[in-house]
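*Asks:*
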Amino acid sequence: MSLKDLAPVHLDELNATAALMKRVDRKYPLHRRAAEAVLEELPAGTRVLYIGGRAEFGYTSVYFDTTSRDSYLLAARGRPHRFKVRVRSYQDSGEAFLEVKTQHRGSTVKQRIPHDPGALFTIDPEQYGFISRCLAAGGIRGLRPQWLRPSLETSYLRTTLLTPDGRTRVTLDQGLVWTENARTLRNPKLAIIESKSGSAPSPADRALWYHGYRPQRISKYATGLAALHPELPANRWRRVLKRHF
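Numbering follows full-length UniProt numbering, with no gaps: position 240 of the sequence shown is 240.
1. Compare the C-beta of residue 7 against all C-beta atoms of chain B and say whether one is closer than 8 angstroms.
2. Is residue 198 helix, strand or coil by DSSP?
3. Cα separation between residue 53 and residue 87?
4. At which residues does the alpha helix (DSSP H) containing residue 72 begin and terminate?
5. Does the Cβ of residue 253 have 16 or more other Cβ atoms within 10 Å, making it buried, or fewer, making it exposed?
6. Can you give the beta carbon distance from residue 59 to residue 193, rounded, assuming they're within the 8 angstroms contact cut?
7. Tell me where the beta strand (DSSP E) around residue 113 begins and ends.
8. Would you check if the distance between the CB atom of residue 158 and the CB atom of residue 173 is smaller than 8 angstroms?
9. Would you grab the beta carbon distance between residue 149 and residue 67 for me? Rounded to a whole angstrom, and I think it's under 8 angstroms.
10. Quick check on DSSP: helix, strand or coil for residue 150?
11. I think residue 47 touches residue 195, with their Cβ atoms under 8 angstroms apart; what is that distance to the nearest whole Å?
12. Exposed or buried, which one is residue 83 when buried takes at least 16 other CB atoms within 10 Å?
13. Could you tell me the boundaries of the beta strand (DSSP E) in which residue 242 lies?
14. Can you give me the start and stop residues for the beta strand (DSSP E) that residue 50 sits inside?
15. Starting from residue 96, trace the alpha helix (DSSP H) both ways and give me its first and last residue.
16. Within 10 angstroms of the Cβ of residue 101, are there 16 or more other Cβ atoms? Answer buried if so, exposed if not.
17. Per DSSP, residue 180 forms a beta bridge with which residues?
18. For residue 58, report the span of its alpha helix (DSSP H) as first-last.
19. Which two residues bound the contiguous alpha helix (DSSP H) that contains residue 84?
20. Please report the straight-line C-alpha distance between residue 203 and residue 42, rounded to a whole angstrom.
21. Could you check where the alpha helix (DSSP H) with residue 136 kicks off and where it finishes?
22. Specify the secondary structure class of residue 205 as computed by DSSP and reduced to three states.
23. Between residue 128 and residue 24, what straight-line distance do the alpha-carbon atoms span, to the nearest angstrom?
24. Would you kindly check if the distance between the Cβ of residue 221 and the Cβ of residue 152 is under 8 angstroms?
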């Protein structure tokens with residue numbers, strides 16, 4: 001069944017049943033045609049997010065890091081506690097949010113607050129307290145929010161699906177573009193499927209495993225920055241960089 005033939009799920013229902021701010025993320029980078037073929041094998045009853053008659057939406061994220069690249073290096077070195085701070089813009093709705101993601105032992109916690117959509121490259125000092133609380137809750141110590149600066153911009157198109165049991169959100173990201181100052185990196189053949197669920201594998205995971213795909217380490221921020229800066233330590237993403245970049 002084509003993704004276009006799936007029944008719709010509306011945003012309010014998706015957020016109510018699978019907000020998944022605390023979750024296990026499994027990421028699968030693969031060729032976009034292979035990704036679409038695998039998702040077409042999801043079980044009957046899978047639904048796709050529609051807003052205004054559309055199922056594909058533009059996202060822009062601006063990632064913030066210190067001048068020492070603490071966010072990047074914590075991930076590159078596999079530290080047990082790591083974080084991302086970003087402003088995410090939903091291009092179609094015009095909304096934007098400041099998001100803080102922390103990770104510990106494979107579990108991801110995301111918290112967010114509304115952000116000025118006209119100031120994607122700026123963190124308001126009034127938001128420092130929110131960032132500090134999120135980082136402290138995630139075990140990140142000694143980092144001051146005022147040290148954060150815009151580091152990398154990403155944009156892509158996303159399709160979001162909900163599995164029949166309502167417990168797993170599956171996203172398909174395509175058309176990925178990374179921008180750092182005047183440098184731009186495009187990867188039109190790459191797609192990233194991500195399952196966001198509890199600890200148990202989802203139907204999407206099982207479909208991917210059946211076709212020989214396994215979760216891989218990939219981060220839009222870290223992998224994109226590593227591709228733009230070969231001098232950075234990137235062993236954790238070497239396989240993805242070699243195959244897809």
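Ideal Cβ placement from N, Cα and C applies to all residues, glycine included. Just so it is clear, the structure is predicted and the values come from calculations on it, not from any experiment.
*Replies:* By the coordinates alone:
1. Within the model displayed, chain B is absent; a lone protein chain is all it includes.
2. coil
3. 26 angstroms
4. 70-76
5. No answer is possible for residue 253: it lies beyond the span of the chain, which begins at 1 and ends at 245.
6. Wrong, their Cβ atoms sit about 15 angstroms apart, outside the cutoff.
7. 107-114
8. yes
9. 6 angstroms
10. strand
11. In fact, because the Cβ distance is near 15 angstroms, the residues do not count as touching under 8 angstroms.
12. buried
13. Run containing residue 242: none in the beta strand (DSSP E); it sits in the alpha helix (DSSP H), 238-244.
14. Counting along the chain, residue 50 falls outside any beta strand (DSSP E), and DSSP gives it neither H nor E.
15. No alpha helix (DSSP H) holds residue 96; the beta strand (DSSP E) holding it covers 95-104.
16. buried
17. 183
18. Residue 58 -> not in any alpha helix (DSSP H); beta strand (DSSP E) instead, spanning 57-65.
19. Counting along the chain, residue 84 falls outside any alpha helix (DSSP H), though it belongs to the beta strand (DSSP E) covering 81-90.
20. 7 angstroms
21. 128-137
22. helix
23. 27 angstroms
24. yes
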